[in-house]
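Colleague:
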Amino acid sequence: MAKLSANYEAVYILDADLGEEATAALVAKFKTLVESNGTLTEVDEWGKRRLAYPINDKNDGYYVLMTFTSAPSFPLELDRIFRITDGVVRSLIVCKDE
Numbered sequence: 385m386a387k388l389s390a391n392y393e394a395v396y397i398l399d400a401d402l403g404e405e406a407t408a409a410l411v412a413k414f415k416t417l418v419e420s421n422g423t424l425t426e427v428d429e430w431g432k433r434r435l436a437y438p439i440n441d442k443n444d445g446y447y448v449l450m451t452f453t454s455a456p457s458f459p460l461e462l463d464r465i466f467r468i469t470d471g472v473v474r475s476l477i478v479c480k481d482e
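Add 384 to a position in the sequence shown, counting from 1, and you land on the number used in the working numbering.
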């Protein structure tokens, strides 16, 4: 039987040079997107940190962790939106075990 919903974690890194307002706007955008397609459990903003290796000549990034429950089809759409959004350096979505 197919799953109706699953638990997920999404970590994404925003460009640290965006500024506070643009960073807050992107975090709010992704938070609203998840809330409209599932149940948002937690948003943990880790803040500005050094990247393990330079990405696009950048050494710092703004890290955000989201924990949510949604239908199995939604993470694919969320990943697509992460990829096409300017300001998102990297993202990773993982399905957590029950």
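No residue lacks a Cβ here, since even glycine has one placed at the ideal position from N, Cα and C.
Going by DSSP, what residue range makes up the beta strand (DSSP E) through Pro438?
Modeller: Here residue 438 is taken as the residue at index 54 of the sequence shown, counted from 1. If you look at Pro438, you'll find it in the beta strand (DSSP E) that goes Gly422 to Ile439.
Colleague: Comparing C-alpha positions only, which one of Ala412, Asp401 and Ala400 sits nearest to Met450?
Modeller: Translated into the one-based positions of the sequence shown, residue 450 becomes position 66. Met450 has its Cα closest to that of Ala412, out of Ala412, Asp401 and Ala400.
Colleague: Can you pull the DSSP bridge partners for Val448?
Modeller: For the purposes of this step, residue 448 is identified with residue 64 of the sequence shown, where counting begins at 1. Under the DSSP definition of a beta bridge, Val448 partners with Tyr396 and Glu429.
Colleague: Which same chain residues end up closer than 7 Å to Glu429 when comparing Cβ atoms and leaving out the 5 residues on each side of it in sequence?
Modeller: Indexing the sequence shown from 1 puts residue 429 at position 45. Only Val411 and Val448 meet the Cβ criterion.
Colleague: Decide if Asp399 is buried, meaning its Cβ has at least 16 other Cβ atoms within 10 Å, or exposed.
Modeller: As a first step, residue 399 is located in the sequence shown; it is residue number 15 there, counting from the start. Classification for Asp399: buried.
Colleague: Taking the alpha-carbon positions, what's the Gly422 to Ala406 distance?
Modeller: Position 38 of the sequence shown, counting from 1, holds the residue named residue 422. Position 22 of the sequence shown, counting from 1, holds the residue named residue 406. Roughly 24 Å separates the two Cα atoms.
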